[in-house]
Structure formats: C-alpha cells, structure tokens
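Each remark here refers to the structure printed beneath this line.
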Amino acid sequence: MSDGSSLLESRELSRQLVLTLASAVRTASYYDVGNVIMRQAASALAELLDRCSRYTGSVSVAVHSHTVFVERARVPASVSTYERFSVLVELFERWNVGELTFYSGLREEELLKALMILARGVASAGTALSDLLEAEGVERIVAKEAEPEDKKRRTRRRPLDRGPGSIPAPSVLAYSVAAQLGVDLASAAGPLEAGVARRVRHVTQALVDEILHDPGAML
325 MSDGSSLLES RELSRQLVLT LASAVRTASY YDVGNVIMRQ AASALAELLD
375 RCSRYTGSVS VAVHSHTVFV ERARVPASVS TYERFSVLVE LFERWNVGEL
425 TFYSGLREEE LLKALMILAR GVASAGTALS DLLEAEGVER IVAKEAEPED
475 KKRRTRRRPL DRGPGSIPAP SVLAYSVAAQ LGVDLASAAG PLEAGVARRV
525 RHVTQALVDE ILHDPGAML
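Convert by adding 324 to the 1-based position in the sequence shown; the result is the number in the working numbering.
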C-alpha cells in the first residue's frame with residue numbers, strides 16, 4: 325500500500341473513531357449497560373480503538389479550540405458530521421478534559437463503565453474525571469485535564485502585524501464562509517432549539533479554525 329493510501333486510510337479511520345465515540349457516548353445517555361443497543365455501540369467502539377492502537381499501544385482523542393484531534397492530527401468536521409463532533413466538544417468542555425487516551429487491551433466491560441461515566445456522571449469542581457474512572461476500576465483510559473485559559477493565552481503565538489486596521493484575507497474569508505453556513509443551516513432547519521443552536525456554533529467555530537489553519541480547506 326502506498327504512503328498516500330495509508331494516509332487516506334488513517335484519516336478515514338480517525339474520522340470513524342470520532343463519530344463512533346460520539347455515538348457511543350450519546351447511546352450511553354439513553355440505554356443501560358445491559359441493553360443490546362448499548363452493547364453493540366460499545367463493541368463497535370472497542371473494535372475501532374483496537375485497530376487504532378494495535379501498533380502504537382494507545383490512541384488519544386483531544387479537543388482544542390472547538391476542534392477534534394486524533395493522535396494530534398486534526399479531524400475535519402463537515403455539515404453532515406457537525407452534530408456528533410459537537411457532542412465530543414461539549415463533553416470535553418463539561419468534564420474540563422483536554423485529552424482522552426485509550427490503551428490497548430481495553431476490555432469491553434471497562435469501556436462500558438467509562439461510557440456511562442462520561443454520559444451520565446456529574447462534573448464538579450472537586451472531582452476530576454480521572455478520579456471517577458479510577459474509582460470504577462477503569463485503568464486503560466486516562467483523562468488529561470484541559471489547560472487553563474490563562475495559560476493558553478500566555479502560550480498563544482502573537483499574530484503578524486500587517487498594519488493598522490488590516491485583517492488577514494483568510495480571516496475575512498473564513499468568517500464569511502462561517503456566516504453563510506449559519507444562514508444556510510437556519511434556513512434549512514427553521515428555528516433552532518437552544519441545544520442545536522449551541523452545537524451549530526461549536527461546529528461553525530471549528531470550521532473557522534480549520535480554514536484559518538488551512539485556507540485551502542475552503543476549496
């Protein structure tokens with residue numbers, strides 16, 4: 325298999341992992357551990373996690389700036405996948421988690437416990453997700469807390485000075501595309517519920533970040 329084919333396969337596998345993880349978490353919010361549908365969702369996720377971590381021993385899923393990453397590689401969102409991507413964005417925000425790492429050898433029962441915690445657990449200032457996972461005996465999933473906002477601001481690179489009042493062309497294009505996307509979604513779906521509107525904002529910001537990072541993504 326050529327390097328190009330391997331890269332495409334890797335990207336597709338990452339996209340499948342993100343979508344399957346989001347679906348499994350959402351399923352866990354409706355069904356109990358013993359439910360057949362819940363078991364199927366966990367089994368599908370376990371299979372993908374095994375494929376992704378088979379050669380490296382682990383696979384990480386992270387969220388930064390409304391964008392999802394697998395093994396530090398950006399996984400682009402699209403209009404058709406925005407809802408499931410936004411499930412992960414909101415989940416990571418709720419738990420104040422920046423990264424989840426899944427280690428090879430993860431048992432399905434262990435994965436089911438983690439999914440139930442992620443979907444139904446109550447995030448609080450005094451209890452970290454890692455503490456809840458450890459208390460339930462989940463050893464092969466490690467949660468890394470998100471960086472504080474002030475630290476992010478200190479480490480963020482300063483943009484190039486292009487003169488007073490100037491705005492980089494990619495920024496103008498990115499926000500124009502994002503604004504049009506919002507209009508199109510609103511026209512297609514009619515009045516949006518609060519939860520859906522919030523998810524639309526998440527994916528819109530993710531698309532803006534994607535375009536700012538790579539203006540060619542608009543093509």
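Ideal Cβ positions, reconstructed from N, Cα and C, are used throughout, including at glycine.
Problem - Nearest residue (CA-CA) to residue 471, options 462, 432, 437 and 419 - result: When C-alpha distances from residue 471 are compared across 462, 432, 437 and 419, the shortest belongs to 419.
Exercise for the section: Consult DSSP for residue 369 and reduce its assignment to one of helix, strand or coil. Expected result: helix
Practice task
Compute the distance between the beta-carbons of residue 434 and residue 468, then report whether it is under 9 Å.
Solution key: no
Practice task
Output the distance between the C-alpha atoms of residue 439 and residue 365, rounded to the nearest integer angstrom.
Solution key: If you draw a straight line from the Cα of residue 439 to the Cα of residue 365, it is about 10 Å long.
Exercise for the section: For residue 465, write down the residues that DSSP places opposite it in a beta bridge. Expected result: DSSP lists 426 as partners of residue 465.
Exercise for the section: Assuming residue 394 contacts residue 385 (C-beta within less than 8 Å), just tell me the rounded distance between them. Expected result: 6 Å
Handout entry: Three-way DSSP call (helix, strand, coil) for residue 352 in this model
Key = helix
Exercise for the section: Give a yes or no on whether 9 Å exceeds the smallest Cβ distance from residue 462 to chain C. Expected result: No chain C appears in the structure shown, which is made up of a single protein chain.
Problem - residue 403 classed as buried or exposed, judged by whether at least 16 other C-beta atoms fall within 10 angstroms - result: exposed
Exercise for the section: Reducing DSSP to helix, strand and coil, say where residue 382 ends up. Expected result: Reduced to three states, the DSSP call for residue 382 is strand.
Exercise for the section: Helix, strand or coil for residue 405, going by three-state DSSP, please let me know. Expected result: If DSSP states are grouped into helix, strand and coil, residue 405 belongs with coil.
Problem - Cβ pair count under 8 Å reaching 3, the region 402 to 417 against the region 332 to 346 - result: yes
Practice task
Given a cut-off of 9 Å, decide if residue 425 and residue 382 are closer than it, judged by their beta-carbon atoms.
Solution key: yes
Practice task
State buried or exposed for residue 459, treating a residue as buried only when at least 16 other CB atoms are found within 10 Å of its CB.
Solution key: exposed
Practice task
Going by CA-CA distance only, name the one from 421, 432, 376 and 368 that's closest to residue 448.
Solution key: Closest by alpha carbon: 421.
Practice task
Within the same chain, show all residues whose beta-carbon is closer than 6 Å to that of residue 416, passing over the 5 residues directly before and after it, in chain order.
Solution key: 387
Practice task
Could you tell me which residues DSSP pairs with residue 338 in its beta bridges?
Solution key: Looking at the DSSP assignment, residue 338 forms no beta bridge with any residue, so it has no partner.
Problem - Neighbourhood of residue 465 by C-beta, 8 Å cutoff - its chain only, sequence neighbours within 5 removed - result: 424, 425, 426, 427, 430, 434, 435, 438 and 457
Exercise for the section: Taking residue 441 as the reference, give the member of 351, 340 and 341 with the closest Cα. Expected result: 351
Handout entry: Boundaries (first-last residue) of the beta strand (DSSP E) holding residue 303
Key = An answer regarding residue 303 cannot be provided, because it is not within the stretch 325 to 543 covered by the chain.
Exercise for the section: Could you give the DSSP three-state label for residue 360: helix, strand or coil? Expected result: Note: residue 360 maps to helix in three-state DSSP.
Problem - Collapsed DSSP secondary structure at residue 397 in the structure displayed - result: strand
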